[in-house]
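Each residue of the sequence shown is one higher than the one before, counting from 1 in this note's numbering. Written out below as structure tokens is the structure these notes cover.
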Amino acid sequence: MKKLLLIRFSALGDVAMLAPIVKEAATALPDIEFTVLSKPFCAPLFQGLAPNVRFRGADIKGDYHGISGLGRLYHELKAEHYDYVADMHGVLRTHYLTLRLCLSGHKVARINKRRAERRALTASGEKKRMRQLCTSFDKYREVLRALPIPGKERLDSLHDRGGQKGSVISFDNVDPTVCRMLAMAPDGARRIGIAPFAAHKGKIYPLEKMEQVIETITAEDSSAHIYLFGGGGAERDMMMRWQQRWQGRVTAASPALGSMSSELQLMSRLDVMLSMDSANMHLASLVGTRVVSLWGATHPYAGFLGWGQSLSDCVQIPLDCRPCSIFGNKPCHRGDFACMNGITPRSVAGVVMSY
Numbered sequence: 001m002k003k004l005l006l007i008r009f010s011a012l013g014d015v016a017m018l019a020p021i022v023k024e025a026a027t028a029l030p031d032i033e034f035t036v037l038s039k040p041f042c043a044p045l046f047q048g049l050a051p052n053v054r055f056r057g058a059d060i061k062g063d064y065h066g067i068s069g070l071g072r073l074y075h076e077l078k079a080e081h082y083d084y085v086a087d088m089h090g091v092l093r094t095h096y097l098t099l100r101l102c103l104s105g106h107k108v109a110r111i112n113k114r115r116a117e118r119r120a121l122t123a124s125g126e127k128k129r130m131r132q133l134c135t136s137f138d139k140y141r142e143v144l145r146a147l148p149i150p151g152k153e154r155l156d157s158l159h160d161r162g163g164q165k166g167s168v169i170s171f172d173n174v175d176p177t178v179c180r181m182l183a184m185a186p187d188g189a190r191r192i193g194i195a196p197f198a199a200h201k202g203k204i205y206p207l208e209k210m211e212q213v214i215e216t217i218t219a220e221d222s223s224a225h226i227y228l229f230g231g232g233g234a235e236r237d238m239m240m241r242w243q244q245r246w247q248g249r250v251t252a253a254s255p256a257l258g259s260m261s262s263e264l265q266l267m268s269r270l271d272v273m274l275s276m277d278s279a280n281m282h283l284a285s286l287v288g289t290r291v292v293s294l295w296g297a298t299h300p301y302a303g304f305l306g307w308g309q310s311l312s313d314c315v316q317i318p319l320d321c322r323p324c325s326i327f328g329n330k331p332c333h334r335g336d337f338a339c340m341n342g343i344t345p346r347s348v349a350g351v352v353m354s355y
């Protein structure tokens, strides 16, 4: 059996977007062994995708930190005798690894990030070009097609299925903790997930407005139970405050679950997820849950909309300055954060409650 190594270390959302492509390619090419190299905590994203898919974790900030660590990782990868290497990340670390693997005789293909198209999308004035860019899903497919894999013509029929429904990850069993959390909602209750956080301010709906969204949903939908998803620190504190404020109607899920696998299981049982342009949008997408996503400084045209999600579920307002950033990490040029402040809590709650 030929062996293919796929490398993608971060960010979590980008790693999550790789999962459906690995699944469809592994299903189309059952005689190829697919190994995904990523950060160890990403393992749940690739478990059970197909019999010929395996995961290899590498802590690039710990065991494989720096040039010496990457050198050690290269020697370990070389010893595993991969036939093909797909660089799905395109950063200095992966350039280093794939260059050395290429020089040692491995067949390598690298992602094309199309930076010029991204600059045109986020430009100002007459230089701006508002159009749908190639999605990350199709960029990953391009890398696979560039490799001399036997039978790869079976991949040529694969196209961007951004509107496809159905889950990429499924679960035969549910953790007891998830079962107890699901039982917090009364029988027949609508289970709504809310992931109000993101890595950058340009992608976060103002939290005081999100509180109004929760207030509206809990007041107008007596059957709704809300589960909150987020990280640690200040995010955890905020979720716990909201749980206390709407006791019995809102549950801080992430602090209690504590693992990505458990969060995915809970997300798979939701009726709808409300999320920013963030990793949680992609995690919910992978388990087949419909996502209402909020977009501010970023835009779905950049190619990062979740698997199986639709533009009709993207809540955003038209502004000449949008998008100003691909990743939401730039300061607001206007100074008023109008792209998010202009979205009313009433409109967000209305969309969520319509599902």
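All C-beta atoms in this analysis are idealised placements derived from N, C-alpha and C, irrespective of residue type, glycine included. What you are looking at is a predicted structure, and each value in this text was computed from that prediction instead of being measured.
**OP:** From the DSSP output, read off the bridge partner residues of E215.
**Re:** Partner(s): none; E215 has no beta bridge.
**OP:** Express the C-alpha separation of I214 and S285 in angstroms, rounding to a whole number.
**Re:** 22 Å
Original post:
Where does the unbroken alpha helix (DSSP H) through G66 begin, and where does it stop?
Top reply: G66 to A79
**OP:** Figure out for me which residue from L294, A123 and V15 has the closest Cα to the Cα of S347.
**Re:** L294
Subject >> C324, buried or exposed, once every other Cβ within 10 Å from all chains shown has been counted against 16 >> reply: buried
Subject >> C-beta atoms of L182 and R269 nearer than 8 Å >> reply: yes
Original post:
Using a Cβ-Cβ cut-off of 8 Å (strictly less than) and excluding sequence neighbours within five positions of R114, which residues of its own chain qualify?
Top reply: L133, C134 and K139
Subject >> C-alpha distance - R161 paired with F171, whole-angstrom precision >> reply: Low confidence applies to R161: its pLDDT is 45, below 50, so where it sits in the model is not reliable, and the reading given next is rough at best. Their backbone Cα atoms lie some 22 Å apart in a straight line.
Original post:
For H75, is the classification buried or exposed, using 16 other Cβ atoms within 10 angstroms of its Cβ as the cut-off for buried?
Top reply: exposed
Subject >> Beta-carbon proximity of L121 to R129, cut-off 8 Å >> reply: yes
Subject >> Bridge partner(s) assigned by DSSP for I192 >> reply: I226 and V272
Original post:
In whole angstroms, what separates the C-alpha of M353 from that of E220?
Top reply: 9 Å
Original post:
Considering only residues of the same chain and omitting the five flanking positions on each side of K78, which have a CB-CB separation below 6 Å?
Top reply: S104
**OP:** Would you mind reading off the limits of the beta strand (DSSP E) that contains E153?
**Re:** E153 -> no beta strand (DSSP E), and no H or E assigned at all.
**OP:** From the DSSP output, in three-state form, read off V15 for me.
**Re:** helix
**OP:** Count the other C-beta atoms from every protein chain shown that fall within 10 angstroms of the C-beta of E263, then say buried if there are 16 or more, exposed otherwise.
**Re:** buried
Original post:
For the 8 Å Cβ check, are there 3 or more pairs between the segment 234-254 and the segment 142-161?
Top reply: no
**OP:** Report all residues from its chain with a CB closer than 6 Å to the CB of E235; omit the five preceding and five following residues, and keep chain order.
**Re:** F197
Original post:
A297 and G202 look like a contact to me (Cβ under 8 Å); what is the Cβ gap, rounded to whole Å?
Top reply: 3 Å
Original post:
Ordered along the chain, which non-local residues of its own chain (more than five positions away) have a Cβ less than 8 Å from that of A58?
Top reply: F9, L37, S38, K39, P40, Y64 and L73
Original post:
With 16 as the cutoff for other CB atoms within 10 Å, does G163 come out buried or exposed?
Top reply: With a pLDDT of 41 at G163, under the threshold of 50, the modelled position of that residue is not reliable, and no figure is offered here.
Original post:
Thinking C-alpha only, which one of D31, L6 and G13 is nearest V22?
Top reply: L6
Subject >> Contact check, N357 vs A26, beta carbons under 8 Å >> reply: This structure does not reach residue 357, given that the chain is present from 1 up to 355, and the question cannot be answered.
Original post:
In angstroms, rounded to a whole number, what distance separates the CA positions of D70 and V178?
Top reply: Contrary to the premise, residue 70 reads as Leu rather than Asp in this sequence. Computed Cα separation, rounded: 38 Å.
Original post:
What is the rounded straight-line gap between the Cα of L45 and the Cα of M17?
Top reply: 10 Å
**OP:** Report the residue from A189, P206, S261 and A199 whose alpha carbon sits nearest the alpha carbon of I226.
**Re:** A189
**OP:** For the beta strand (DSSP E) holding K107, just list the boundary residues, first then last.
**Re:** K107 to R110
**OP:** Excluding the 5 residues preceding and the 5 following R334 in the sequence, name in chain order all residues of the same chain whose CB lies nearer than 8 Å to its CB.
**Re:** C321
Original post:
So I192 packs on D271, CB below 8 Å; how close in whole Å?
Top reply: 6 Å
Original post:
Can you tell me whether DSSP reads R161 as helix, strand or coil?
Top reply: At R161, the pLDDT of 45 sits below 50, so the modelled position is not reliable; the number obtained from the coordinates is stated separately. Here R161 sits in coil by DSSP.
**OP:** Counting only the same chain and skipping the five closest in sequence on each side, list residues whose C-beta sits under 6 Å from that of V275.
**Re:** At residue 275 the sequence reads Ser, which differs from the Val that was named. For S275, where only same-chain residues beyond five positions count, the Cβ hits under 6 Å are A195, M281, V291 and S293.
Original post:
What are the start and end residues of the beta strand (DSSP E) that includes D87?
Top reply: Y84 to D87
**OP:** Just the C-alpha distance for K209 and K3, rounded to the nearest angstrom, thanks.
**Re:** 50 Å
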